[in-house]
């Protein structure tokens, strides 16, 4: 493998780690393809994991370590190539760097989206752009434009082909892993940020790569659309077989009202991923499962609102505020009954049906135990340790994720190993989700007493575990008979800064996030692994938008806890 410097007209030197001859590049691709197949690797993988596999390929084939960064790109490409090839061209984005242009004679101008190429023929940008757009692809000539992430989040883009230098490509791996977005990268042959070069044939080969077997590709946005359609009034009425009585009408209103419907979405998508179904049709059983999950969820909200004394949900009156506690209690009980009736109607083998009922009933009991711990505390509120607060979080929040995911998997097969993975993942992500809420509540201080003092709080638990005698007296006084006291609030906030409570909470959040990611590393089902990884990203906004190759930011700003 040659490491000789190759000069262009501007006397730029090659990047040593990018082989200049196509024969060497092709050989490395073959080794990577064989390695990925032998190890049965499944994306998304973190940068650290990609580097570890790159090191293994270097050892196996006796090649120089200077190729590591290039191998990392090739491994990631191999993980996503089939999925990208199954993505329609109109849902792919080609991202080209503006440094490919002829810097001295380029007539193009820059706009909000990057370089507005005029196809003058002085560089390869115009030709590549024209061919990609003729296939229906979107093309941007801009490095790391924020619009890329916004397009991905809207569902308009489902795969990205990126051309850039290795430094910038390396910085995109956290985005690819966190978003579980199929990404194929083509490194520039020369660096220098001006008048760079790329293997144009390689770019065109990837652009034209097309597979119609879908390779297990499941469109998350389209699944979400199907789930939302399921909760329209007529669809719901058909699935539930309800009449027009007051209670039945109230149940339909509750189920079809506002909400993100994460739980039925997780159930449906998990079913599709485990069954390896790429069609979007929902069977009768799958509709019943999805609606049953939402029945249990809405019932818990109705009862929670009563127990917590909340008068608003989704900026509207809660059921008990509008109709009174007796009607609200009855509605919650009715929704629970509906959920179990739907499960009883499933046309599945009896052993799997029994397992589904077991998972739901155990989840129901666990949720009640968690709520019971909180209600018991509300009778005699006072300081809690971190362990006590985390135990409440695990029972109240993690259980909901676990039931939704397990039901989707069990509707296809009974797989104890998969059940274990989903349980570990749900425990970690449920706790992390609740910690994130507490961080937001404490740092915004929108309603210090209702948001922090009147319910179990990880922040106050951190302070209690770290406080000295004087600080403990102040914390205990929060639940005294003196009522709300702005002076105490200010003192607690000051104590939080002094004892670094937010930093510790962020570290705790990061720890549980990593536990969730680690739990799914052994999954060999790419659609399911991608979904679970994207949930982590979606819930915790963990990656800053990269504005350009020099602006990739990380670290924690103490004044902005969610950054």
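Residue numbers (the numbering used here): 22 to 584. By construction, the Cβ of each residue, glycine as well, lies at the ideal position given by its N, Cα and C atoms. Source: prediction; values computed, not measured.
Backbone CA spacing between residue 72 and residue 538 [nearest angstrom]
17 angstroms
Going by the CB atoms, is the gap between residue 306 and residue 253 shorter than 9 angstroms?
no
Beta-carbon separation (whole angstroms), residue 127 vs residue 143, contact threshold 8 angstroms
6 angstroms
DSSP on residue 523, reduced to helix/strand/coil?
helix
Using the rule of at least 16 other Cβ atoms within 10 Å of the residue's Cβ for burial, across every protein chain shown, is residue 98 buried or exposed?
buried
Of the choices 439, 363, 358, 326, whose alpha-carbon is the least far from that of residue 346?
326
Can you tell me which of 298, 125, 336 puts its alpha carbon nearest to the alpha carbon of residue 280?
336
Quick one, which of 349, 520, 74, 206 has its alpha-carbon nearest residue 485's?
520
Are the CB atoms of residue 420 and residue 376 within a distance shorter than 9 angstroms?
no
With distance defined between alpha-carbon atoms, name the residue in 86, 355, 491, 178 nearest to residue 275.
355
With DSSP collapsed to three states, give me the class of residue 130.
strand
So, does the CB of residue 439 fall closer than 9 angstroms to a CB anywhere in chain C?
In the structure shown, chain C does not exist; there is a single protein chain.
Within its chain, find whatever has a CB closer than 6 angstroms to the CB of residue 157; leave out the 5 residues flanking it on each side and keep chain order.
110, 111
If you reduce the DSSP assignment to three classes, tell me which class residue 433 lands in.
coil
Contact belief for residue 526 with residue 462 at Cβ below 8 angstroms, rounded distance in angstroms:
Their Cβ separation, rounded to whole angstroms, is 11 angstroms, which puts residue 526 and residue 462 out of contact at 8 angstroms.
What residues in its chain sit with their C-beta under 6 angstroms from that of residue 487, if we drop five residues either side in the sequence?
520
Hey, is the stretch 427–442 in contact with the stretch 281–299, meaning 3+ C-beta pairs nearer than 8 angstroms?
yes
What residue range does the alpha helix (DSSP H) around residue 498 cover?
490–498
Can you check whether the CB of residue 450 is closer than 9 angstroms to the CB of residue 556?
yes
Name the DSSP bridge partner or partners of residue 85?
Paired residues: none, contrary to the question.
When burial is assigned at 16 or more other CB atoms within 10 Å of the CB, is residue 529 buried or exposed?
buried
Which runs of the alpha helix (DSSP H) spanning at least 4 residues fall entirely within the stretch 291–348, listed in chain order?
305–329, 340–344
Start and end of the beta strand (DSSP E) containing residue 207?
204–208
Buried or exposed: where does residue 75 fall if 16 or more other Cβ atoms within 10 Å of its Cβ makes it buried?
buried
Are there 16 or more other CB atoms within 10 angstroms of the CB of residue 270, so buried, or fewer, so exposed?
exposed
Do residue 455 and residue 414 come within 9 angstroms of each other at the CB atom, strictly closer than that value?
yes
Look up residue 235 in the DSSP assignment and say whether it is helix, strand or coil.
Note that residue 235 scores 49 on pLDDT, short of 50, meaning its location in the model is unreliable; the coordinates nonetheless yield the value given after this. Helix.
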